[in-house]
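Using this note's numbering, the first residue of the sequence shown is number 69, and each one after it goes up by one.
Cβ coordinates follow ideal geometry from the N, Cα and C atoms, glycine included.
Keep in mind it's a predicted model, so treat the numbers as computed, not measured.
To start, the structure itself, in C-alpha cells.
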Amino acid sequence: MLQNSIKYLKGIGTIRAELLEKELGIKTYEDLLNHFPFRYIDRTKFYQVKDIRNINADIQLKGKISNLQETGTGRKKRLTATFYDETGDIELVWFRNYKYIQSKLNTNDTYIIYGRPNLFNRKINIAHPEIETLEDRQKKAFLKLQPVYPSTEKLIKKGFSTRLWTQIMTALFNEVGLNFKESLPENILHELKLPDKNQALFNIHFPQSLELLHKARTRLKFEELFYLQLQLLQKNLHRKRKIKGHIFEQIGYYFNTFYKHVLPFELTGAQKRVIKEIRKDVKSGAQMNRLLQGDVGSGKTIVALLSMLMAIDNGYQASMIAPTEILAQQHYKNLKTFTDKLGLNINLLTGSTKKKERNEIAENLINGNLHILVGTHAVLEDVVKFKNLGIAIIDEQHRFGVAQRAKMWRKNTIPPHILVMTATPIPRTLALTHYGDLDISIIDELPPGRKPVQTIHRYRKDKLKVFEFIKREIAKGHQAYVVFPLIEESEMMDYQNLTDNYEKIKKFFEGTGYQISMVHGKMKPDEKEAEMLKFKNNETQIMVATTVIEVGVDVPNASIMLIESAERFGLSQLHQLRGRVGRGAEQSYCILMTDYKLSQEARIRIETMTSTNDGFKIAEVDLKLRGPGNILGTQQSGLMRFRIADIIKDAPLMRTARQYAYRILKDDMNLEKPEHQNLKFFLQKQIKETGFWNLIG
Ligand code: ADP
Ligand code: MG
C-alpha cells in the first residue's frame, strides 16, 4: 500500500499529485509519509500585543477586530483592520483575496491570529495572518503542536497551506493505519529508549506532546544514521575481510637505520601514533585504506617515508603521487636526500619525463631495482608496471579522488596498501560519513619550535602601509605572496584585474630592484611551473597570483602572504593560503586585506582566521557556515541530503549509530543470521533508494 500513487489518496487527486511530484518529488504514500515537518508551531503559547515589539518570529495572538476597511486605489489597494487585545492594538493587512476575507470576519467575534509582526511606519502590522475562530480551534484541540511542512512558492500559491498539509496527512494515516513494519532491532530501541516505528511516525506528523515529538525525531534521525553507517561499515569490513593485503611481517634494516641514524629530529607524539596505526594495518593481512589528515606543515612526508620503508623492508616497492609536477618534484628531492643515505633507488616520473628516462624507469620498475617511484598522474597510466608494488601514497586527496585510488589498486593482483594524505582538514563528523569506509589517522600536533603565522586584518585604505611593511621584510631577505581572488564570472576580467594590480605593485617597488612573478589561470601548466620555480629559487621576490598557488608549493623563505579582497575567499581557502608561509624559522605574516563593508559571514571568517591557526577548528566553523555539501566541493554536493538528521547537530547520535552498526556487523558482516533478516531487508531498500552512497569510496 505504501507504494500506491498519492493521486489515489483522499483529497489529492491528479492535479495536486502532479504538483507534489514536480515540486517535491513526492510520488507514493511512502514518500508522503517520509515528508517530515521541519518545524512546529506551539499552539498553546499566546502572546499579548504589548509583548511583540522585539519579536522577529511567527507569533500567536488572541483578540478582536475593528475598522475593517479597504484603502488605497489601483495597485495600492488593500484591506486593513485593527486587531486588539487588553494590552494594545496592531494592524492587519491583506493585499490579495480580500473580498473573501472581508466577508468572513465579524467585528464582534474573538479570533486567534498567527503570523510574523513587521514594523511599518512606526506601527506594528501583520500581513496575511492565519485566522481562526475559537470554534475552529476547539475542533483541533488535540493539535497542540502544529507541523509546518517543507514546501515551495508554487505549492503555497496553489493552496498548500499548513491546514491542507494536515488534512492530507490525516487522510494518509486514516488509510494506511498504524501498522508500519519495525525497521530497528528490538534491543536497540530498548537500550536507547527509542519509540517504535508507529509511535515515531505518528508523532512526527501529529505530535501529542513536546516530549513525544522529541523522542520521535531522535528515533527517526537515529534510523537514518544507523542505516547509513551500516552501509559504510559493511563496505569497510568487506574490504578488510575479503580483500587480501600484503603482509609486511617485519620492521627491518631500512626502517630501523632511518629511524635511528638518518631522521634528523624526534617524531612528534602524533606522528608516532600514526606510524603505529599504519604498522598495525600493514601486518594485519587486510589491505590498508587509510586517510591521513594533518595540517600543512604537520610532517606528513616523514610518515609517508616511514610507511614506504616498511614495504621495502619486506621486499616490496613503494610509490608516491602528487597532483602537480612541482609538488612531485619537491617530494622527490626531499625524499632523495634521505633515501640516498640508505642506499635506496628512487626516481621521478611525470608528464615531462623524457622517453629515454621513461624506458629506464619502466625497466627498473619491472625488474625490482627501483625501490620508490615518485610522480604525478603519469604513474597511474597502465603502461607503468611494478614488479610488486606494496604501498601507494597519494598526496592531496582533493585533486585525485576515488577513480584514481582505484587505478592504483589495480597495479597488482593483491592491491597495494593505500595511504591518502590530505592537508584539508575534514571535520570528524563529516569524515565519518564521507570517508566512513576508510580508516582515519590524524596528525594534530605541529613539530616543536615553529613560530605560528601571525594573521592580521587590514582595510584597503592601509594598503600603502602594508606595502611598506612588505618592502622592509624583503629587505631582510624574505619573499612575499600577493594573492587576488579569482573573478569567476569572466576569465577576461580576471586576467585584467590581475595584470592591473601587477602593474600597480610593480610601480610601487620600482627602483628597489625586486623582481616580481605573476601566475594565473590562463597560463599553460609548464609556464606556470617555470614562474613558480623562479620564485622558489628567489630569482623573484614577489609572487602575484590568483588562487592557483593554493596547493602545496614549498618556499620556506617566503614569510608574507598578503591576501587581497580576503572577504571573497572561503575559510578553507584562506587557511590553505596561509599555510604557504610559516615554513621557515622566521616569523611569518598573513595579512587579510578587506573592504570596510563586510557581510556578517565574511566577518566571522576573518575573525576565525585571526583568532586561530588550528585547521580543524577552522573546518568546523566552515562546516557551520556553509553546510556539508559545499565543503566537499561541487562534485559531491547533493550527497548529504539527509531526511531528518543534521550532520553537525547530530554528531553524537552518528557516533552511537556507528557503534551499533559495528556491533552487528562485526560478527555477521553480510547480515545472514536469521535475526538480522529484517535489517538486511531495510538496508537493501535504502541502498536502492539512496544509491548515491555507493559512489563514495
Ligand atoms: P606536510 O604535512 O605539510 O606535508 P612536511 O612533511 O612537508 O609537512 O613537513 C614540514 C616540515 O617539517 C619539513 O621540513 C619536515 O622536515 C619538518 N618536520 C616534520 N616532522 C618533524 C618533527 N617531528 N620535528 C621537526 N621537524 C619536522
Ligand atoms: Mg606535504
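Distance between residue j and residue i (C-alpha atoms, nearest Å)
i, j, result
"residue 445", "residue 392", "8 angstroms"
"residue 359", "residue 599", "32 angstroms"
"residue 207", "residue 274", "15 angstroms"
"residue 157", "residue 200", "18 angstroms"
"residue 103", "residue 438", "59 angstroms"
"residue 382", "residue 300", "31 angstroms"
"residue 340", "residue 87", "59 angstroms"
"residue 514", "residue 495", "18 angstroms"
"residue 152", "residue 172", "18 angstroms"
"residue 718", "residue 630", "38 angstroms"
"residue 512", "residue 674", "23 angstroms"
"residue 770", "residue 374", "The question about residue 770 has no answer, for the chain in this structure spans 69 to 765."
"residue 138", "residue 283", "48 angstroms"
"residue 117", "residue 519", "58 angstroms"
"residue 595", "residue 563", "16 angstroms"
"residue 133", "residue 238", "32 angstroms"
"residue 181", "residue 121", "17 angstroms"
"residue 146", "residue 193", "13 angstroms"
"residue 448", "residue 308", "24 angstroms"
"residue 662", "residue 550", "13 angstroms"
"residue 754", "residue 292", "9 angstroms"
"residue 296", "residue 250", "17 angstroms"
"residue 601", "residue 516", "29 angstroms"
"residue 247", "residue 270", "11 angstroms"
"residue 605", "residue 752", "57 angstroms"
"residue 159", "residue 633", "45 angstroms"
"residue 396", "residue 390", "5 angstroms"
"residue 483", "residue 588", "38 angstroms"
"residue 691", "residue 669", "12 angstroms"
Residues that residue i bridges to, as DSSP identifies them
i, result
"residue 195", "161"
"residue 362", "511"
"residue 476", "None, per the DSSP bridge assignment."
"residue 215", "108"
"residue 459", "386 and 485"
"residue 202", "Partner(s): none; residue 202 has no beta bridge."
"residue 183", "127"
"residue 188", "191"
For residue i, the three-state DSSP class (helix, strand or coil)
i, result
"residue 390", "coil"
"residue 530", "helix"
"residue 760", "Unreliable placement is indicated for residue 760, whose pLDDT of 40 sits below 50; the coordinate value is still reported in the next sentence. The answer is helix: DSSP assigns residue 760 an H, G or I state."
"residue 664", "coil"
"residue 349", "helix"
"residue 546", "coil"
"residue 720", "helix"
"residue 306", "helix"
"residue 605", "coil"
"residue 312", "strand"
"residue 71", "coil"
"residue 524", "strand"
"residue 693", "helix"
"residue 354", "strand"
"residue 227", "coil"
"residue 337", "helix"
"residue 742", "helix"
"residue 552", "coil"
"residue 319", "coil"
"residue 490", "strand"
"residue 737", "coil"
"residue 175", "coil"
Test: residue i CB closer than 9 angstroms to a CB of chain E
i, result
"residue 413", "This model lacks chain E altogether; it includes just one protein chain."
Residue i Cβ short of 8 angstroms to ligand 4 heavy atom set
i, result
"residue 123", "Summarising the ligand content, the structure contains ligand 1 and ligand 2 and does not contain ligand 4."
Ranges of the alpha helix (DSSP H) found wholly within the segment 80-157, counting only runs of at least 4 | 81-92 and 97-101
Which runs of the beta strand (DSSP E) fall wholly inside the segment 614-649 and span at least 3 residues, in chain order?
-> 626-631
Ranges of the alpha helix (DSSP H) found wholly within the segment 371-454, counting only runs of at least 4 | 393-410 and 423-435
Go through the segment 256-289 residue by residue and report every complete run of the beta strand (DSSP E) that reaches 3 residues or more, in order.
-> none
Entirely enclosed beta strand (DSSP E) segments - the segment 575-599, minimum 3 residues = 584-587
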